[in-house]
Ligand SMILES: NC(=O)c1ccc[n+]([C@@H]2O[C@H](COP(=O)([O-])OP(=O)(O)OC[C@H]3O[C@@H](n4cnc5c(N)ncnc54)[C@H](OP(=O)(O)O)[C@@H]3O)[C@@H](O)[C@H]2O)c1
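Structure below.
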């Protein structure tokens, strides 16, 4: 069947920057009318302007997706405005790079709420109109952290794993009802996600792919009716390796943490002032692949 953006009505959450902005712009360029939402109105307006250059009917909604009432209102509003949604992209999310010993229950709840409860709420709100038509697409942006249990981000890993498992099970439930679900597993993508305060910095030397690389992967997944895409694709081999030898994989992760995270922390402790600047300040991003 293969998804074509031409004439499609799309909603992309978390489209004020990064992956969401990139996807919204690509979908608009390929002929979709795009609805975008996030909290930062000024940034959304810039993305909307670029979408409207291709798709003049595109619209934006400023909302906090942690507010489930706002999620319900958003769903009702976009359906009324566009007359339906053919493709929902659940992309909005928050990072939480924090060692498990530094986590508190409220933080764990907050991460699960935004990264899992909220996109599922939006999905269930938009599903009935897809079922009525017997067609629709849902893209859930998870993370390789979901399948690889990235060290130092247990709360984030679990929230993305919950989203991925719901996504897969939903793909089965909806298979015969004409609705396709794509789960996306990005590796490290060069976005503002790594500048958000109250997160540990990434260990140095991690290569990031570009938003364009990631968008290419999602568009291929949609066009080829895939159930999942790993971007970069080699991450799928790491997942297979983990499944074949979980003990070895976990031991490898422990060694990686010793060599990188722990060493980085020790170096930071020895050189105060070279960390992330003032409290709440922006951090440096991972290095771009090939840069
Ligand atoms: N970058 C990576 O390496 C990477 C890897 C794997 C998975 N991911 C996932 O990819 C998705 C997009 O992240 P990104 O890397 O593109 O980072 P980003 O540039 O920080 O984008 C995050 C988006 O989510 C929105 N958002 C955050 N909290 C929100 C809230 N409470 N209500 C509404 N919108 C909210 C942000 O908009 P506002 O701040 O304007 O609300 C922004 O548009 C996330 O789900 C992330 O977990 C990223």
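In my numbering, the protein residues as written are -8 to 282.
Using N, Cα and C, we set each Cβ at its ideal position, and we do this for glycine too.
Being a predicted model, the structure only gives us computed values, none of them experimental.
According to the DSSP assignment, residue 110 belongs to the alpha helix (DSSP H) that extends over 109 to 124. Closest by C-alpha distance to residue 144, out of 91, 152, 133 and 178, is 91.
Residue 171 carries a strand assignment under DSSP once its states are collapsed to helix, strand and coil.
Taking all protein chains shown into account, residue 171 has 16 or more neighbouring C-beta atoms within 10 Å of its C-beta and is therefore buried.
Taking C-beta atoms as the reference points, residue 220 and residue 200 fail to come closer than 8 Å. Look at the beta carbons and you see the region 73 to 84 touching the region 101 to 119: at least three pairs across the two are nearer than 8 Å. Taking residue 196 as the centre and dropping the five residues before and after it, the same chain places no C-beta closer than 6 Å to its C-beta. Short note on residue 55: C-beta closer than 7 Å to some heavy atom of ligand 1.
DSSP places residue 43 in no beta strand (DSSP E) but in the uninterrupted alpha helix (DSSP H) bounded by 32 to 43. If you check the C-beta of residue 105 against ligand 1, you find a heavy atom less than 7 Å away. DSSP links residue 89 through a beta bridge to 144. In this structure the region 58 to 65 does not touch the region 150 to 161; the number of beta carbon pairs closer than 8 Å is below three.
Taking C-beta separations shorter than 8 Å and ignoring five residues to either side along the sequence, the partners of residue 3 in its chain run 11, 14, 15, 18, 25, 26, 27, 28, 80 and 82, following chain order. With a threshold of 7 Å, the Cβ atom of residue 99 does not count as near ligand 1, since no heavy atom of the ligand is closer than that.
Annotation: the continuous alpha helix (DSSP H) that includes residue 103 extends over 96 to 103. As the crow flies, the alpha-carbon of residue 166 is around 15 Å from that of residue 215.
For residue 210, the enclosing alpha helix (DSSP H) has its first and last residue at 202 to 214. Residue 1 carries a strand assignment under DSSP once its states are collapsed to helix, strand and coil.
For residue 221, the beta-bridge partners assigned by DSSP are 176. The DSSP-derived three-state label of residue 27 is strand. Residue environment: residue 138 is assigned as buried (16 or more neighbouring CB atoms within 10 Å of its CB, all protein chains considered).
Residues of the same chain with a CB within less than 7 Å of the CB of residue 223, apart from the 5 flanking positions on each side, are 178 and 200 in chain order. Note on geometry: alpha-carbon atoms of residue 183 and residue 236 lie some 34 Å from one another. Judged by DSSP in its simplified three-state form, residue 161 adopts helix. Annotation for residue 5 indicates a beta carbon within 7 Å of some heavy atom of ligand 1. Taking 7 Å as the cut-off, the C-beta of residue 180 counts as close to a heavy atom of ligand 1. For residue 17, there is no enclosing beta strand (DSSP E); the residue is found in the alpha helix (DSSP H) stretching over 9 to 20.
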